[in-house]
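In what follows, a single structure is set out as structure tokens and then discussed.
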Amino acid sequence: MSTQNSKVKQLIILSGKGGTGKTSISAAFAHLNAAQANSHPMVFVDADVDAANLSLVLEPENLDPKEFWGGSLAEIDPEKCINCGACNPVCRYDAIFPDPKNDQVQWIDPIACDGCAACVYACPTGAISMVRQQEGNWFQSNTSYGKLFHAELFPGRENSGKLVTLIKQQARLYAEDIQSQCVVIDGPPGIGCPVISACAGTDLGLIVTEPSLMGLHDLKRVLGTLRHFHVPSVICINKSDIYPEGTRAIREFAAAEGLDLIGEIPYDESIPRSMIEGKPVTVLFPDSSATKAIQAVWHKTIGLLHLQED
Amino acid sequence: MQIAVASGKGGTGKTTIATSLAQSLAGLANVRYVDCDVEAPNGHLFLKPEFTEITPAVIRIPQIQTEKCTACGRCVEVCEFHALAQVGKNILVFPQLCHGCGSCTWNCPENAIIEVPNPIGTIERGMAVEDIEFFRGLLTISEPMSTPIIRQLKKMMHPQPNTINIYDAPPGASCSVVETLRGVDFALLVTEPTPFGLHDLKQMLGILRDMNIPSGVVINRDGIGDDSLKDILRESNIPILLRVPFDRTLAENLAAGRTLVDVYPKYRDILRELYQKVTEIVGGKAK
Amino acid sequence: MKLIISAQNSSLESQVDRRFGRCAWLILFDTETHQWEAFENPGVSQSGGAGVAAAQFVVDKGAEVVLSGDFGPNASRAFQAANIGMQRFTDSTKTVQEAVNQFKYVK
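The structure is reproduced here in structure tokens:
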């Protein structure tokens, strides 16, 4: 039996730019892993909590929502408000103004409120209190490819980073329980707080880029982020044939940075078509050029993670 | 007139549409293009601005003046974000957790806290093609919070007559998108006709309803998916203002940094008409 | 000497929790008297700054060493400033009692 390091590995899939194909590739990985003979269970996380799409292609069941309570928002009790206006100047978020329903009292716009509580301390009558908010739900769902941890942040909310940390942690604990070798995290776009939470402590970053000027620009930003947080990274180019000059530029960039380019996936209608059917592309189009290229990327990735492949 | 271009899902073509819209309207009014995707801005790749002003984007963070500090711990107590901790007689500040709200500063009984600017990125300004005034924010790599930069960008937009502000929003549906949308007259939603596009568009519709901002949809890459989004939009009474068909030649040109208008000049008039419809919708709402 | 151990539950037989900031429980253990007490981690439900909240709690309890698996940068900074030692569980540490037994005081 294996004497492998028992620590669960974590793979983070990022892009910088949105829409490069992270989710399609994550879904394909889920299927490719499950389809292997003697496959080892993997656990999946959709860390793009305000635009969670992985569940649309993995067909999760047993969606049992658990509440995510984030920060607090300030609320004014109109019975206690004496309209003295002490709260307005301390609010840096322009969230306090006369109540549209009753201009004799002040009101706090929950969309604008940052939850800092400065107004609570400024109020002489104690009319303002902080109320904890449910900011979303998270789920531990079954799919035919393994457990999926995902979440839905209510629209417009903050604290997506905290929700990402929560589902990552839950996934890791579950993975340890079932002695899974790896957690695969489908990351969010950008480089800010949710991306930082998603990549923290991961073992390998797979950057999915596209050959446009935008793709290359954002690749550099997300690579900088991964390096800052000490996550060793590799890249693959999706839609690699739509702009050959762009693909060349990325290859040159990768070479100059000592960055492993582990695959190039051509643009292929099988990807949007499988998205519409709601299944991984490798399931519906096992012979497409995209599938073959993704298989190659998959094999390289598990090699880099030193996962067992019996 | 203030228009935000948003989407929910990343990569649907917000920047493609926002920059082309800016180009199309450039002859009609003073156009300001504001790239609010401060984590991964791309507008400059299309509009090719020359930046003439680069200023730091800052959050004001507390600095404890130790000679006045009595270590009473009040600042630690009032901070909702745990950006302060007390260790014996020392107060520690954690800048990346700080929201710059000023509460600790106001609440200190000894007036021992001053605020100092903590740079988290830059704000850049310049002139782009076709006399478009170009603004963008750029978040420093490893900084977590983009919303304060967007807020700072929007504060720079002093109202001016005959000016159209086009805000290119970040992807997603969380607080940075809300900050971009605050105070705009109209939200142009760019989506793609796929289940991912539709799912994320619904998140956006929720936000726009809460914020009472009228919107219309541009379907980009029309033809790659299905038309199920038509039904959702009809239910919500949201007009489809434009369909841009999927086109590999267009995709290749966009990849190279040419705008929609550069590749197909007919879009200049098409986008002007779209703007006309937007003004009618906004005007209709005002009544 | 007072130790704090991050744990998944509230007794010495509980499994340790390898993540300091968001662990469920913090066990305070006195190595001289062998008295111990379990506290719910104030950082666990925080939306942000969990590490700081948990670290502040440890500082306020007067602990000298914290035993955990993983310390984030904020908690680390707070502990360094407070001169509170941080020690990591070994790969084999399973329960709070084992963590206490394995604790080596290094001056």
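Residue numbers (the numbering used here), protein chains in the order written: chain U, 30 to 339; chain H, 2 to 288; chain G, 4 to 110. By construction, the Cβ of each residue, glycine as well, lies at the ideal position given by its N, Cα and C atoms. All figures in this text were calculated on a predicted structure; none of them were measured in a lab.
- Message: What would DSSP say about Arg-22/G, mapped onto helix, strand or coil?
- Response: Here residue 22/G refers to the residue found at position 19 when the third sequence is read from its first residue. Three-state DSSP puts Arg-22/G in a strand.
- Task: Select from the segment 17-32 of chain G all residues with a C-beta closer than 8 Å to any C-beta belonging to chain U, and list them in chain order.
- Result: Of all residues in the segment 17-32 of chain G, only Arg-22, Arg-25 place a beta-carbon less than 8 Å from a beta-carbon of chain U.
- Message: Quick check on Lys-15/H: buried or exposed, where buried means 16 or more other Cβ atoms within 10 Å of its Cβ?
- Response: Translated into the one-based positions of the second sequence, residue 15/H becomes position 14. In this structure Lys-15/H is buried. Its beta-carbon is surrounded by 16 or more other beta-carbon atoms within 10 angstroms.
- Task: May I ask you to report which of helix, strand or coil DSSP gives Ile-214/H?
- Result: Counted from its first residue, the second sequence places residue 214/H at position 213. The answer is coil: DSSP assigns Ile-214/H none of H, G, I, E or B.
- Residues that Ile-125/U bridges to, as DSSP identifies them: The residue labelled residue 125/U in the question sits at position 96 within the first sequence. Ile-125/U has Ile-137/U as its beta-bridge partners, per DSSP.
- Query: Roughly how many angstroms separate the alpha carbons of Trp-98/U and Arg-186/U, rounded to a whole number?
  - Reply: Indexing the first sequence from 1 puts residue 98/U at position 69. Indexing the first sequence from 1 puts residue 186/U at position 157. If you take the alpha carbons of Trp-98/U and Arg-186/U, they lie about 11 Å apart.
- Is it a yes or a no for the segment 59-79 of chain H touching the segment 33-47 of chain G, going by three-plus beta-carbon pairs under 8 Å? no
- Item | Residues, ordered as in the chain, of the segment 289-304 of chain U that lie near chain H by beta-carbon distance below 7 Å | Pro-301, Met-304
- Just the chain G side, please: which residues come within less than 7 Å of Gln-198/U by C-beta, in chain order? Position 169 of the first sequence, counting from 1, holds the residue named residue 198/U. By Cβ distance, chain G contributes Arg-22, Arg-25.
- Item | Partner residues on chain H for Asn-44/G, Cβ-Cβ distance less than 9 Å | On the third sequence, position 41 is the one that residue 44/G refers to. Simply none; closest approach about 13 Å.
- Task: Please list the residues of the segment 52-68 of chain G that have a C-beta atom closer than 7 Å to any C-beta atom in chain H, keeping them in chain order.
- Result: Gly-52, Val-55, Ala-56, Ala-58, Gln-59, Val-62
- Message: Per the DSSP calculation, Lys-5/G is bridged to which residue(s)?
- Response: Walking along the third sequence from the start, residue 5/G turns up at place 2. Answer is Asp-33/G.
- Query: CB-CB under 7 Å to Ile-140/U, same chain, minus the five flanking residues each way: which ones, in chain order?
  - Reply: The residue given as residue 140/U occupies position 111 in the first sequence. Closer than 7 Å at Cβ, skipping near neighbours: Gly-185.
- Integer Cβ distance of Thr-231/U from Ile-41/U, believed to fall under 8 Å: Position 202 of the first sequence holds residue 231/U. Position 12 of the first sequence holds residue 41/U. Indeed, because the Cβ distance is near 4 Å, the residues count as touching under 8 Å.
- Task: List the residues that DSSP assigns as beta-bridge partners of Cys-211/U.
- Result: Your numbering for residue 211/U matches position 182 in the first sequence. Lys-38/U, Met-71/U, per the DSSP bridge assignment.
- Task: Give a yes or no on contact between the segment 210-223 of chain H and the segment 172-186 of chain H, applying the rule of three or more CB pairs nearer than 8 Å.
- Result: yes
- Cβ-based neighbour list, Ala-102/G, same chain, cut-off 7 Å, excluding 5 preceding and 5 following: Residue mapping note: residue 102/G aligns to position 99 of the third sequence, counting from 1. Hits under 7 Å: Ile-8, Val-19, Leu-70, Phe-92, Thr-96.
- Query: When we look at the beta-carbon of Cys-142/U and count the other beta-carbons within 10 Å, is it buried (16 or more) or exposed?
  - Reply: Residue mapping note: residue 142/U aligns to position 113 of the first sequence, counting from 1. Per the 10 Å Cβ criterion, buried.
- Query: Is Pro-218/U closer than 7 Å to Gly-50/U when the C-beta atoms are compared?
  - Reply: Here residue 50/U corresponds to residue number 21 of the first sequence, with the count starting at 1. Here residue 218/U corresponds to residue number 189 of the first sequence, with the count starting at 1. Going by C-beta atoms, Gly-50/U is not nearer than 7 Å to Pro-218/U.
- Item | beta strand (DSSP E) runs contained entirely in the segment 34-92 of chain G, provided each spans 3 or more residues | 39-43, 68-71, 88-91
- Message: Determine whether the beta carbon atoms of Gly-9/H and Met-205/H lie at a separation below 7 Å.
- Response: Within the second sequence, numbered from 1, the residue matching residue 9/H stands at position 8. Within the second sequence, numbered from 1, the residue matching residue 205/H stands at position 204. Result yes, Cβ atoms of Gly-9/H and Met-205/H sit closer than 7 Å.
- Task: Check the Cβ of Arg-121/U against every Cβ in chain H and list those closer than 8 Å, keeping chain order.
- Result: Numbered from its first residue, the first sequence carries residue 121/U at position 92. Within 8 Å Cβ-Cβ: Gly-101, Cys-102, Gly-103.
- Thr-148/H and Gly-122/H: beta carbons closer than 7 Å? Within the second sequence, the letter at position 147 stands for residue 148/H. Within the second sequence, the letter at position 121 stands for residue 122/H. Going by C-beta atoms, Thr-148/H is not nearer than 7 Å to Gly-122/H.
- Host alpha helix (DSSP H) of Gln-24/H (start-end): The sequence position of residue 24/H within the second sequence is 23, counting from 1. Note, Gln-24/H: alpha helix (DSSP H), 15-26.
- Query: Within 10 angstroms of its Cβ, does Asp-75/U collect 16 or more other Cβ (buried), or is it exposed?
  - Reply: Within the first sequence, residue 75/U is the residue found at index 46, counting from 1. With 16 or more other Cβ atoms inside 10 Å of its own Cβ, Asp-75/U counts as buried.
- Task: Establish whether the CB of Ser-241/U and some CB of chain H are separated by less than 7 Å.
- Result: By one-based count along the first sequence, residue 241/U stands at place 212. Closer than 7 Å: yes.
- Item | Paired residues, beta bridge with Met-205/H - DSSP | Counted from its first residue, the second sequence places residue 205/H at position 204. Looking at the DSSP assignment, Met-205/H forms no beta bridge with any residue, so it has no partner.
- Query: DSSP beta-bridge partners for Trp-98/U?
  - Reply: Here residue 98/U refers to the residue found at position 69 when the first sequence is read from its first residue. In the DSSP output, where bridge partners are listed per residue, Trp-98/U has Gln-163/U.
- Message: To the nearest angstrom, how far is the alpha carbon of Lys-36/U from that of His-60/U?
- Response: Counting from 1 along the first sequence, the entry for residue 36/U is found at position 7. Counting from 1 along the first sequence, the entry for residue 60/U is found at position 31. Each residue's Cα considered, the two are about 23 Å apart.
- Cutoff 7 Å: Ala-72/H Cβ touching any chain G Cβ: As a working note, residue 72/H is residue 71 in the second sequence. Not closer than 7 Å to any Cβ of chain G, the Cβ of Ala-72/H fails to qualify, so no.
- Could one say the Cβ of Glu-101/G lies closer than 7 Å to chain U's Cβ atoms, at least one of them? Within the third sequence, residue 101/G is the residue found at index 98, counting from 1. It does not: the Cβ of Glu-101/G has no partner Cβ on chain U nearer than 7 Å.
- Item | Cβ contact check for the segment 284-294 of chain U and the segment 194-205 of chain U: 3 or more pairs under 8 Å | no
- Query: For Ala-66/U, is the classification buried or exposed, using 16 other Cβ atoms within 10 angstroms of its Cβ as the cut-off for buried?
  - Reply: Counting from 1 along the first sequence, the entry for residue 66/U is found at position 37. Exposed, because fewer than 16 other Cβ atoms sit within 10 Å of the Cβ of Ala-66/U.
- Task: Assign Pro-315/U to one of two classes, buried (16 or more other C-beta atoms within 10 Å of its C-beta) or exposed (fewer than that).
- Result: Translated into positions along the first sequence, residue 315/U becomes position 286. By the 10 Å Cβ count, Pro-315/U comes out exposed.
- Using 10 angstroms around the beta-carbon of Glu-253/H, count the other beta-carbons present and answer buried if the total reaches 16, otherwise exposed. As a position in the second sequence, residue 253/H is number 252, starting the count at 1. When all chains shown are included, Glu-253/H counts as buried.
- Task: Pick helix, strand or coil for Arg-259/H, following the three-state DSSP scheme.
- Result: Mapped onto the second sequence, residue 259/H falls at position 258. Three-state result, Arg-259/H: coil.
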